[in-house]
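Single-structure report; data block below.
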Amino acid sequence: MTPASPLLHYLAARQRDKDILVVQSESELAAINMVNGACFAGVRAMTGTSGGGFCLMTEGFGLAGMSESHAVLMLAQRPGPSTGLPTYTSQGDLRFAIHASQGEFPRLVIAPGDVEECFYKTIEAFNLAEKYQIPAILITDKHLQESHKSTTPFDTSKVSIERGALFVGDKYEGEEEYKRYKITENGVSPRVLPSTKGAIVKYSSYEHDEFGITTEDPELTTLMNDKRFRKLEFLNKELEKMETVKIHRDSDADLTIIGWGSTKGAILEAMKILKKENFEVNYLQVIYLAPFPKEKVGEVLESAKRTVAVENNKTAQLVSLIRENNFVDVDHKILKYDGRPFNPWMLADRIRGVM
Amino acid sequence: MVSAKELKTYAKITWCPGCGNFGIYTALRRGLAELNLEPESVVLVSGIGCHAKMVDYVNTNSFYVIHGRVLPVASAIKLANHELTVIGHAGDGDAYGIGIGHLSHACRRNIDIVYIVHNNMVYGLTTGQTAPTSQQGYVSKTSPFGELALPINPIAQGLASDASMVARGFAGDPKHLTELIKECIRHKGFALLDVLQPCVTFNRINTYRFYRERVYKLEDENHDYTDKMKAFQKAYEWGDRIPIGVFYKVERPTYHEGLPQISKVPLSRQRIEDVDISDLIRSFT
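Which chain is which? The protein sequence lines are A and B, in order. Using the working numbering, the first residue of the first sequence is number 1, and each one after it goes up by one. Using the working numbering, the first residue of the second sequence is number 1001, and each one after it goes up by one.
Here's what the structure looks like:
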């Protein structure tokens, strides 16, 4: 779905050389569930869509949450609701991504800010999704998806593929019978590829016991919820060491800009314009929106003199997340919700307006 | 080799006594055992409904998915590891109601899986509402004055969507059904197997007796299952006589056979840790 389609075009053309498999599914309902099926079979799988398609994908996204499938989804935002402005840009789906699906389960929502981050953060999303067996959303938008930009070549020596607890072999010889949803200390149950002798692999959308068989037992239901959420504690510890926010700081500036996603380009350019006029500003770029890096965001907010949020939406959705997680408000908001991205000169003007 | 009995799990069976699902359960386990399939090489995928409990009761790999989405999940499992035997189970609501949009696409792609539809012509798990296959005039909580619409014709749907195999079984004849299931598994390509499954609690019309008085076997009348037009004629035969057996079966290339990247090793068995994409990065410079 526009503006996510270029991802499909690019991968489809390279599938034979790179041993990947690309299917143009009949619908978003099929796409996300094909991803779930592929995860079950043991491969990495991804789908891409925009808000309208993501509406259809929410049921399958929840299935990934319950079945503990490492589904990865690229959500390229455009203005809604409904058809909205289908070929323009927006950051209106952040809350939607964070809350999509019924029920409660851990998920990753990651917002790369430019082409380079799209590369590195996509690999991170796949690694973390597979290690913690949780679904991940890469949230982008039309502006980031369909813009051309020069950048330094990506350094593949900086990245590695980490698949987590996955048994690959012909025969499973555990101490006990294989249990897909074994309750473990960190909540992650080791995976075994279906077709491995000695292991029966049962995934389920229903609440289930360790083997994967349906249960409605209250104690087991509690245990399984706790197991799924225990992964978050360990994920958060790992994220502490990772770049979940970026602090673009020149000085002890009077003003700190807070933003996420594709506004990065315009914000950095606006900062350059303002610097020429001797206006110094800092910029906090929040990259991980779920789990929310509240300690790192909190540190910046505590030392910031005045804050201004820059978002391509009507309701300042990042600001609401900061309020929810850090119990503080942002002083000013610069919002744009006309389907167009910020341009550096107009953004610099609006920043001057709050200084 | 595992016997039909060994294919049971510890899960307590909660189908109503006499439920048509028992016949399908027996036939499936017998079919798998008679084909000497290892439980680890089989994947069952179910939707939501009484039929779906099947995956809890059969000791093979399985994925209990959501209402209507059996085919996308089952298709992807097959494509990610085509060495697995993948069998989808769906109810008539799953298959011909909420999930009917996926049926034509799985058929036209000719994904090499079996799709067993437990067709009881009523929503059983949710206590008896009208289903897409309920007969016209069917009275239920949701159609108290009789269903106005015509029912979906599963066999004609499969034929019109170019399924490479279309068959119908009867849960009250597990012996015949076992043979049909085996034939569907052996078939290279997409096999739609609609099963007439009496719901003894909520459907008082389409009972065991109703079917026993009407069903006849296509193979007993020398039906030519390679002739699509004859298959269509049989698909519309519903009344005093109801045909069961293979309506249509032809061989044509399956979807995964058209994918050179998985011709040697299934996708799920390919190592990804040392994949090299430096040429793709260079292509931008």
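Don't be surprised by glycine CBs; every beta carbon is placed ideally from N, CA and C. If you're wondering where the values come from, they're calculated on a predicted model, not measured in any experiment.
Proximity of residue i and residue j at Cβ, strictly below 7 Å
i	j	result
residue 944 of chain B	residue 1190 of chain B	Outside the displayed range of chain B (1001 to 1285) lies residue 944 of chain B, so it cannot be described from this structure.
residue 1262 of chain B	residue 63 of chain A	no
residue 259 of chain A	residue 247 of chain A	no
residue 107 of chain A	residue 135 of chain A	yes
residue 1200 of chain B	residue 1018 of chain B	yes
residue 58 of chain A	residue 4 of chain A	no
residue 141 of chain A	residue 262 of chain A	yes
residue 256 of chain A	residue 282 of chain A	yes
residue 1072 of chain B	residue 1051 of chain B	no
residue 1130 of chain B	residue 1092 of chain B	no
residue 1113 of chain B	residue 1044 of chain B	no
residue 1046 of chain B	residue 1089 of chain B	yes
residue 201 of chain A	residue 180 of chain A	yes
residue 1244 of chain B	residue 1168 of chain B	yes
C-beta neighbour in chain A for residue i, strict 7 Å
i	result
residue 1084 of chain B	yes
residue 1064 of chain B	yes
residue 1013 of chain B	no
residue 1273 of chain B	yes
residue 1267 of chain B	yes
residue 1221 of chain B	no
residue 1102 of chain B	yes
residue 1076 of chain B	yes
residue 1073 of chain B	yes
residue 1061 of chain B	yes
residue 1244 of chain B	no
residue 1105 of chain B	yes
Residue-chain proximity (residue i, chain B), Cβ-Cβ < 7 Å
i	result
residue 19 of chain A	yes
residue 59 of chain A	yes
residue 214 of chain A	yes
residue 203 of chain A	yes
residue 34 of chain A	yes
residue 16 of chain A	yes
residue 156 of chain A	yes
Beta-bridge partners of residue i, as assigned by DSSP
i	result
residue 136 of chain A	A:72, A:108
residue 79 of chain A	Answer is none; residue 79 of chain A lacks a bridge partner.
residue 1192 of chain B	B:1115, B:1166
residue 1217 of chain B	B:1244
residue 311 of chain A	A:335
residue 1058 of chain B	B:1008
Helix, strand or coil at residue i [DSSP, three-state]
i	result
residue 1153 of chain B	coil
residue 332 of chain A	strand
residue 346 of chain A	helix
residue 148 of chain A	coil
residue 141 of chain A	strand
residue 1025 of chain B	helix
residue 1010 of chain B	coil
residue 1171 of chain B	coil
residue 1051 of chain B	helix
Nearest neighbour of residue i, chosen from the options [CA to CA]
i	options	result
residue 1163 of chain B	B:1184, B:1152, B:1212	B:1184
residue 338 of chain A	A:109, A:86, A:44, A:23	A:86
residue 1156 of chain B	B:1036, B:1104, B:1025	B:1104
residue 1248 of chain B	B:1239, B:1258, B:1235, B:1256	B:1235
residue 292 of chain A	A:157, A:167, A:235, A:71	A:235
residue 46 of chain A	A:37, A:72, A:28	A:72
residue 1188 of chain B	B:1197, B:1232, B:1085	B:1085
residue 1094 of chain B	B:1060, B:1149, B:1126, B:1186	B:1126
residue 1069 of chain B	B:1080, B:1106, B:1060	B:1106
residue 1265 of chain B	B:1055, B:1039, B:1083	B:1083
residue 90 of chain A	A:313, A:333, A:323, A:331	A:313
residue 1274 of chain B	A:300, A:18, A:198, A:146	A:18
residue 34 of chain A	A:111, A:269, A:282, A:70	A:70
residue 1076 of chain B	A:318, A:232, A:98, A:41	A:41
residue 1150 of chain B	B:1227, B:1138, B:1033, B:1007	B:1138
residue 310 of chain A	A:294, A:296, A:346, A:276	A:346
residue 155 of chain A	B:1022, B:1281, B:1002, B:1007	B:1281
Residue-level contact to chain C via CB, residue i, 7 Å cutoff
i	result
residue 1040 of chain B	No chain C appears in this structure, whose protein chains are A and B.
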